[in-house]
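A short write-up of the structure that comes next.
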Amino acid sequence: MTWTAQPTDDGSFTFFSAEFNEAFHSRQGARSEAFTKFAEATDLPEQARAPQLCLLDVCYGLGYNSAAALETIWAVNPDCRVELYALELDASVPQAVVDSSLVNIWLPPTQEILQALATDSECHSQQLSAKLLVGDARQTIQQLSMQADAVFFDPFSPRRCPQLWTVEFFQQVRGRLAPNGKLATYSRSASVRAAMQQVGLQIGTIPLGAAHLPHEWSQGTVAAIPSAASEAIRLTPLSPMEQEHLQTRAAVPYRDLSLRDSAQQILARHQAEQQQSSLESTSSWRRRWGIR
Ligand SMILES: C[S@@+](CC[C@H](N)C(=O)[O-])C[C@H]1O[C@@H](n2cnc3c(N)ncnc32)[C@H](O)[C@@H]1O
Numbered sequence: 661m662t663w664t665a666q667p668t669d670d671g672s673f674t675f676f677s678a679e680f681n682e683a684f685h686s687r688q689g690a691r692s693e694a695f696t697k698f699a700e701a702t703d704l705p706e707q708a709r710a711p712q713l714c715l716l717d718v719c720y721g722l723g724y725n726s727a728a729a730l731e732t733i734w735a736v737n738p739d740c741r742v743e744l745y746a747l748e749l750d751a752s753v754p755q756a757v758v759d760s761s762l763v764n765i766w767l768p769p770t771q772e773i774l775q776a777l778a779t780d781s782e783c784h785s786q787q788l789s790a791k792l793l794v795g796d797a798r799q800t801i802q803q804l805s806m807q808a809d810a811v812f813f814d815p816f817s818p819r820r821c822p823q824l825w826t827v828e829f830f831q832q833v834r835g836r837l838a839p840n841g842k843l844a845t846y847s848r849s850a851s852v853r854a855a856m857q858q859v860g861l862q863i864g865t866i867p868l869g870a871a872h873l874p875h876e877w878s879q880g881t882v883a884a885i886p887s888a889a890s891e892a893i894r895l896t897p898l899s900p901m902e903q904e905h906l907q908t909r910a911a912v913p914y915r916d917l918s919l920r921d922s923a924q925q926i927l928a929r930h931q932a933e934q935q936q937s938s939l940e941s942t943s944s945w946r947r948r949w950g951i952r
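Plus 660 on top of the position in the sequence shown (first one is 1) and you've got this note's numbering.
Shown next, in the form of structure tokens:
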């Protein structure tokens with residue numbers, strides 16, 4: 661993969677991927693996104709009071725979500741023992757970060773962990789057992805038997821990387837979520853939310869922060885297994901506008917029965933299913949809610 665480093669509004673850098681034609685993080689701030697949309701959205705500040713936690717980082721990339729999670733957990737409870745599994749297609753991405761000064765945004769112990777993961781694909785200490793599994797996450801996830809307290813779900817956007825937003829891949833991820841665990845993603849797309857619902861996850865929104873663009877209505881989605889969601893876990897309910905979005909053609913989910921289809925095959929199937937759908941057009945929904 662080829663990429664170039666570029667600054668974001670909080671001063672931290674991200675990469676821009678030429679292959680996926682997309683940045684790895686939001687323009688508003690790569691480092692801050694890792695804290696707000698992943699570590700905080702999965703309630704790690706509260707979960708960190710437990711003696712141990714298990715984390716799954718889907719699309720490790722520059723390692724920002726894992727780094728923010730570890731710093732969040734150990735700021736609350738330095739004795740919390742963490743088991744971390746990270747999935748990434750391209751080992752040269754984590755390596756490029758630790759070979760550059762981009763890694764300096766993290767505390768020195770975190771930098772050492774990112775360095776070990778990039779170089780040795782694992783890192784073990786009294787507090788941490790971490791593994792980086794390199795390959796297509798649709799296959800590497802099948803090696804894992806775990807119950808994740810937090811899943812950071814961070815592929816490129818559904819249009820660019822539909823392989824990782826399908827009903828079938830969410831089924832794999834759901835099978836690795838602890839009964840009280842939470843999955844967080846930056847995506848607020850109806851197709852993504854519908855796929856999560858189809859595999860039996862309950863979903864909530866990540867409410868907008870103070871600074872947001874006029875067309876935005878959410879910072880992402882949090883999902884959990886329903887029995888837990890109704891009892892121990894609080895999710896922020898979708899607004900009426902977001903609920904109606906799930907009744908439109910935008911909510912036709914991506915499918916990949918074999919977990920091996922190409923992006924083109926998945927996109928073509930999705931387009932055909934949307935065309936056949938009797939759901940309301942998404943443009944009517946946009947007009948009704950004044951979304952440009
Ligand atoms: C949006 S970036 C992730 C950013 C990352 N979470 C971070 O904090 O830096 C998406 C990542 O997904 C990886 N990727 C793309 N396709 C993949 C696949 N099929 N399986 C696993 N990783 C994949 C890319 O190499 C890229 O590093």
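Where is the CB? At the ideal position from N, CA and C, for every residue including glycine.
- Counting the other Cβ atoms within 10 Å of the Cβ of Glu902 gives 16 or more, which makes it buried.
- Contact between the segment 806-815 and the segment 771-790 is absent: fewer than three C-beta pairs spanning the two stretches fall below 8 angstroms.
- Shown here, Tyr914 sits in a strand according to DSSP, grouped into three states.
- Relative to ligand 1, Ala699 has its C-beta separated by 7 angstroms or more from all heavy atoms.
- In the structure shown, Ile885 adopts coil according to DSSP, grouped into three states.
- For Gly723, the shortest C-beta to heavy atom distance toward ligand 1 is below 7 angstroms.
- DSSP places Tyr745 within a strand segment (E or B) once states are collapsed to three.
- DSSP places Trp663 in the uninterrupted beta strand (DSSP E) bounded by 663-667.
- At least one heavy atom of ligand 1 lies less than 7 angstroms from the C-beta of Tyr720.
- Going by DSSP, Gln803 is part of no beta strand (DSSP E) at all; its letter is neither H nor E.
- Between ligand 1 and the CB of Ala911, the shortest heavy atom gap is not smaller than 7 angstroms.
- Collapsing the DSSP output to three states places Ile866 in a strand.
- In terms of side-chain proximity, the C-beta atom of Leu824 is found nearer than 7 angstroms to a non-hydrogen atom of ligand 1.
- Comparing C-alpha distances from Arg920 to each of Met806, Thr826, Ala756 shows the shortest one belongs to Thr826.
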